[in-house]
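Residue numbers (this note's numbering), protein chains in the order written: chain A, 1 to 350; chain B, 351 to 700; chain C, 701 to 1050; chain D, 1051 to 1400.
Number of protein chains: 4
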Amino acid sequence: MKALVYHGPGKRAWEDKPRPTLQDANDAIVRITTTTICGTDLHILKGDLPLVTDGRILGHEGIGVIEQIGTGVTKFHVGDKVIISCITACLKCDFCRKQMYSHCRHGGWILGYTIDGTQAEYARVPQADGSLYNLPAGSDEEAMVMLTDILPTGFECGVLNAHVKPGDTVAIVGAGPVGLAVLLTSQFYSPGAVFMIDLDDKRLAVAKTFGATNLINSADGHAADHVMKLTGGAGVDVAIEAVGIPATFAICQAIIAAGGRIANVGVHGKPVELHMEKLWDRNISLTTRLVDTVTIPMLLKIVQSGKLQPSKLVTHRFAISDIMKAYDTFGNAAKEDALKVVLTTGGPRS
Amino acid sequence: MKALVYHGPGKRAWEDKPRPTLQDANDAIVRITTTTICGTDLHILKGDLPLVTDGRILGHEGIGVIEQIGTGVTKFHVGDKVIISCITACLKCDFCRKQMYSHCRHGGWILGYTIDGTQAEYARVPQADGSLYNLPAGSDEEAMVMLTDILPTGFECGVLNAHVKPGDTVAIVGAGPVGLAVLLTSQFYSPGAVFMIDLDDKRLAVAKTFGATNLINSADGHAADHVMKLTGGAGVDVAIEAVGIPATFAICQAIIAAGGRIANVGVHGKPVELHMEKLWDRNISLTTRLVDTVTIPMLLKIVQSGKLQPSKLVTHRFAISDIMKAYDTFGNAAKEDALKVVLTTGGPRS
Amino acid sequence: MKALVYHGPGKRAWEDKPRPTLQDANDAIVRITTTTICGTDLHILKGDLPLVTDGRILGHEGIGVIEQIGTGVTKFHVGDKVIISCITACLKCDFCRKQMYSHCRHGGWILGYTIDGTQAEYARVPQADGSLYNLPAGSDEEAMVMLTDILPTGFECGVLNAHVKPGDTVAIVGAGPVGLAVLLTSQFYSPGAVFMIDLDDKRLAVAKTFGATNLINSADGHAADHVMKLTGGAGVDVAIEAVGIPATFAICQAIIAAGGRIANVGVHGKPVELHMEKLWDRNISLTTRLVDTVTIPMLLKIVQSGKLQPSKLVTHRFAISDIMKAYDTFGNAAKEDALKVVLTTGGPRS
Amino acid sequence: MKALVYHGPGKRAWEDKPRPTLQDANDAIVRITTTTICGTDLHILKGDLPLVTDGRILGHEGIGVIEQIGTGVTKFHVGDKVIISCITACLKCDFCRKQMYSHCRHGGWILGYTIDGTQAEYARVPQADGSLYNLPAGSDEEAMVMLTDILPTGFECGVLNAHVKPGDTVAIVGAGPVGLAVLLTSQFYSPGAVFMIDLDDKRLAVAKTFGATNLINSADGHAADHVMKLTGGAGVDVAIEAVGIPATFAICQAIIAAGGRIANVGVHGKPVELHMEKLWDRNISLTTRLVDTVTIPMLLKIVQSGKLQPSKLVTHRFAISDIMKAYDTFGNAAKEDALKVVLTTGGPRS
């Protein structure tokens, strides 16, 4: 079969690889029909994640059809159309029992990371009963592939951890795809105002169409001042970090109201300075989280109710055989005005 | 009357001051019968809190008898024996309505800070209806004065914010009076193990008698290693910082389990380094809080049930007229084996 | 002044009464500009609430301008435009401290019940600091008067108590004004489906325009069967009772899913049969509540954000001097297609 | 092998049955070393549970050694000493994913009910990975067998559902084994007072030794009056029903404070009258639950910490071969002063 293979920093190829086979009783082999590229895949290609070795098939998001299942798989059958969570969950370990699938002792994030992934014609999904979800009949696959990672990430790490409440004033720092996923899912709770903070006016304009009430371009270095002015000096109830660098984390600290909640979504590569000398008496909370994807069933219901349109995030569509080009586009997201690119075996949707 | 007056860094005196008078309809004038000295008072004396000006009467904890009330006070009467919260609460502002009395727009921590305090024969308590609590008949005053600040601080900022649950493994960093207050109140929730971490073996020994299950002297610089060994590499469910310096904050970060909760109780004077590069995917929470004293009614009930003996914290007793000596003792806590010192108008209890 | 006065079962008059005067330092005298009639007022007129005595001015909802304040009132000034909560809260008692204003020891529901109310040109509001809210400048009074009772009732007793979550399947039994208030406010949490159950097709049609996804006319006595069919036999996550009789309470029990939550909003006059033989092992919760109006500040923010249009509930508008006619209309709500009637001193809005 | 077999109402025998064999890949065959008898077993023998058919081996609690496992079992090995939960959990279905194992679509309560149970020399445990827990080395089996049903029942259905908080006033109606399990586990949260209500003074005396602060014999029909007097007319914060009949349920309703929580633990056979005409405005919650046994890991930690001594509940010990006699004793619990009887293959402990 064909697959997108990592060959060390900066090197990737769409090339032949052996079709995956069952290795464990709980495995499923899925024929991929839709997949996408994650910002994390770009990090891998930069060489930032040393656990990814030469020869690894990338991709941890996907939808497909079950071709084969191990004897231990009880919830799914050959022929089922399934959503593949980016997080593999055994359901049995102590972390899974606490709904912390991200830290599953036999899974967590492994697809396209420590084992081969979903940017291929076929993928092996371990712990299939815990890692797959039935695709509702008649679903739009490109919408539903957003439920495999980006939407639960924004929702769980951002919105749920920050306990967004009706009427809250929310600031989201970072209007990339993940920040926009936070924006979309924050609206499940009817915040009173959502401030979107980014360097890129085009992304901010997108945020406006997604429901942001105020746009703040942080290029002038005064984002925090703008927020404080907008809130009459009080700061925001909720600040969500969706970038992963010290500067954006600093904005969150500077704008959080007494009693507020900072939720970190961004992937950080270095320590940040935490101003405990200012925050110790401010009654705030700060949370971190790797997505557990425990909310996929809830998100499915919301999509089906029409209250969430995940395909809003999709700007580019490719045939999976054009994935090398899709990576080019996604890798130049700013220039290409790209949010999420979707790859399908049936070729681009018209 | 006599009062303990601050005269700039390092300078204090027990001297004559005019008796306080009603300044607002919601004031009460309380004749102090019991008071104590807080670690914060020592900070003030070091000059760390520039809002405290020369001439200020110190003290934000106390018990006494109401001598006079303003016309707006409806819950209390002259002659009532009352507990004075360290936090003044108007009950009417937005923060008070959210039970965040610490940030009351007409109060918060002001006693012995921006207005005269309780280390005196008489004190004026503003917002009396929100800031006083009836002392149950027959109460032990020296036990109950611990409910004015230190016990709610340990309980609210530490135990409640960290959501200590039955069976949890809890680490408390700092075995000073506040850390010990955390220890005492953590036991309301039946943790499975409580590790106490401090540099001072004598304080650790006290912690043992207060219910700590494991003692760790951090003098060797390897406290975190010890904790990780004790937990089989998993870390603790709850880490509570009760010192307020970067080194102890660092221990909390190093020992927190995936899914764990760090609660900060210590007063910090400078920024700390937060290892987001390690914590971003660990599903942890970190909280800060200035005590709201909203749990005083709950603590009162627990003391009355006999499940909490606050007087365990009291090591030294003085007549209030000996407060200069009491400060000396408390200021040399390590050498004097002092935890809390209690001052009474009736003189030292035998 | 003129006021709507109760004179025993079935008897009411718009007649002269003395203008109210300050009786307590915490009172405010409010010149009423907008008021409304509540279903409870009709109950009073039927003689169902024996605590209401001959001569009582009715009404517990209103907006107006402060004419006079007692010396204890600190948050408001003469001339302030205010929203009058139907619940009077001293903010100081143990219940108020727990945000249970409905059970305030010096208030609760008293306006137009045990003391004179708001269907008058002037009203005395006790505990003004806890019972009034500033009307935001430029607000639509007829929308905002919905925040004095009906919207917090639907929201607090129904939506909050039932913990409506995104994607939930919700059934609301009763499409009268209160049931519709539940419907409007349930949408703050993005339920997946909202079933509206009522005997009256016209009210159901209104519910449709307010966001109900499924309408069930219970006239055939098979409402529960319809719900079970719609949910594939699973039942609903949330059932909200908004009528107050055994039959509608029975529907809630019959349709609740395992793990579901029943929230009672209706005012009940007699016991109901609770099928514990069926429910004991179903992991359900059932809640009751008298509105606390603690969410008025949150609701104000949501109205200001444009996410809630309370005036949807208003079908009829009268000058307050026509309140006798307004009662006739509201008392024949079904025939008149009336939801809420609004009375203003300025006369009907064009 | 030998097993305790049900032969229709009133009939049981200790007789030969074939040793169970693996029927599914997720099964385990456990050699029973310790088991016990539940009040539910007596209900079965009365014929109250028609799903139990002639020939069924009873028992849903036990500890033993794994003799054989199916190919799908991954967490356990032959030779492991295990605790058998009374609830079978597949971990994969929607209810298990929500921690509602009691409603597992492939399990729930089935042992000794719809399939053969644990009062035998060997038992087949389906869904072994979700239904078994490793017995910590060196554990006291008779203590640990209390974790298979009675302690999680008291804890989950009673204490957790009622949100017992430090300082709360708690009433437990019913001092049988389940009520006493509520009493023991309520103390994890340091209630201020625990009232125990029962008809039997001997059981009340046991409750006293288990930590009840007040004993109320309800034989005079005035239990509610006594509680109201003890609470100064306020009622209790928490009322836990641990009997399962209308009269005890009525007590709970009569004594609950405004804002209180009623948690039902008892198994009910008929409807109860719910006084909504009194409760509708009292801001109470009422919960039901079949035990999920999700807290077994937490309870294990607490037992290991020494904060819970489950063997307090054990009054009688038998060899499993004497189980007919053990049933006689347990069936005459009042006369025999029996709480829990423990059966071991090694014979009675000295």
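Every residue, glycine too, gets a C-beta built ideally from N, C-alpha and C.
Status (buried if at least 16 other CB within 10 Å, exposed otherwise) for residue i
i                 : result
Pro698 (chain B)  : Residue placement at Pro698 (chain B) is poorly supported in this model, since its pLDDT is 46, which falls under 50; the coordinates still yield a value, given next. Its Cβ having fewer than 16 others within 10 Å, Pro698 (chain B) is exposed.
Ser350 (chain A)  : Caution applies to Ser350 (chain A), whose pLDDT of 38 falls short of 50 and renders its modelled position unreliable; the model cannot decide the point.
Ile284 (chain A)  : buried
Val593 (chain B)  : buried
Glu61 (chain A)   : buried
Glu941 (chain C)  : buried
Ser1332 (chain D) : Checking the sequence, you will find Arg at residue 1332 (chain D) rather than Ser. Classification of Arg1332 (chain D): buried, given that the 10 Å Cβ count is 16 or more.
Gly64 (chain A)   : buried
Ala1053 (chain D) : buried
Pro1068 (chain D) : exposed
Asn1076 (chain D) : buried
Ala1033 (chain C) : buried
Ala1225 (chain D) : buried
Val396 (chain B)  : The question names Val, but residue 396 (chain B) is Lys in the sequence shown. By the 10 Å Cβ count, Lys396 (chain B) comes out exposed.
Asp1091 (chain D) : buried
Anticipated Cβ contact below 8 Å, residue i with residue j, distance rounded
i                 : j                 : result
Val1003 (chain C) : Pro1010 (chain C) : 6 Å
Ile1107 (chain D) : Asp1179 (chain D) : The Cβ separation is near 23 Å, so there is no contact.
Leu1280 (chain D) : Gly1261 (chain D) : Actually they are not in contact, since the Cβ atoms of Leu1280 (chain D) and Gly1261 (chain D) sit about 17 Å apart, beyond 8 Å.
Ala881 (chain C)  : Val938 (chain C)  : No, Ala881 (chain C) and Val938 (chain C) are not in contact; Cβ-Cβ is about 15 Å, not under 8 Å.
Lys1047 (chain D) : Val1364 (chain D) : Missing from the structure shown is residue 1047 (chain D); chain D here goes from 1051 to 1400 and no further.
Glu492 (chain B)  : Thr559 (chain B)  : Not quite, the Cβ-Cβ distance comes to about 18 Å (not below 8 Å), so this is no contact.
Ile167 (chain A)  : Lys1001 (chain C) : One point to set straight first is that residue 167 (chain A) is Gly, not Ile, in the sequence displayed. At roughly 4 Å, the Cβ-Cβ gap stays under 8 Å, so Gly167 (chain A) and Lys1001 (chain C) are in contact.
Leu832 (chain C)  : Ile787 (chain C)  : Actually they are not in contact, since the Cβ atoms of Leu832 (chain C) and Ile787 (chain C) sit about 11 Å apart, beyond 8 Å.
Contact under 8 Å by Cβ, residue i with residue j
i                 : j                : result
Ile606 (chain B)  : Glu471 (chain B) : no
Glu156 (chain A)  : Thr295 (chain A) : yes
Val170 (chain A)  : Pro191 (chain A) : yes
Asp404 (chain B)  : Gly462 (chain B) : no
Gly854 (chain C)  : Thr818 (chain C) : no
Ile29 (chain A)   : Glu67 (chain A)  : yes
Val178 (chain A)  : Ile197 (chain A) : no
Asp642 (chain B)  : Met496 (chain B) : no
Leu640 (chain B)  : Ile670 (chain B) : no
Gly1309 (chain D) : Lys798 (chain C) : yes
Residues bridged to residue i (per DSSP)
i                : result
Leu672 (chain C) : The first residue shown for chain C is 701 and the last is 1050, placing residue 672 (chain C) beyond what the model contains.
Gln418 (chain B) : B:Ile379
Lys702 (chain C) : C:Asp716
Glu591 (chain B) : B:Val523 and B:Asn614
Arg124 (chain A) : A:Ile29
Tyr483 (chain B) : B:Ile433
Residue from the options with nearest C-alpha to residue i
i                 : options                                   : result
Ser1135 (chain D) : D:Arg1332, D:Thr1071 and D:Thr1198        : D:Thr1198
Lys628 (chain B)  : B:Cys602, B:Val615 and B:Lys651           : B:Cys602
Gly10 (chain A)   : A:Val341, A:Thr345 and A:Asp328           : A:Asp328
Leu372 (chain B)  : B:Pro516, B:Gly526, B:Ala569 and B:Gly422 : B:Gly422
Val864 (chain C)  : C:Ala843, C:Phe888, C:Glu841 and C:Ile850 : C:Phe888
Leu151 (chain A)  : A:Asp168, A:Cys38 and A:Lys46             : A:Cys38
His453 (chain B)  : A:Ala234, A:Cys93 and A:Lys270            : A:Ala234
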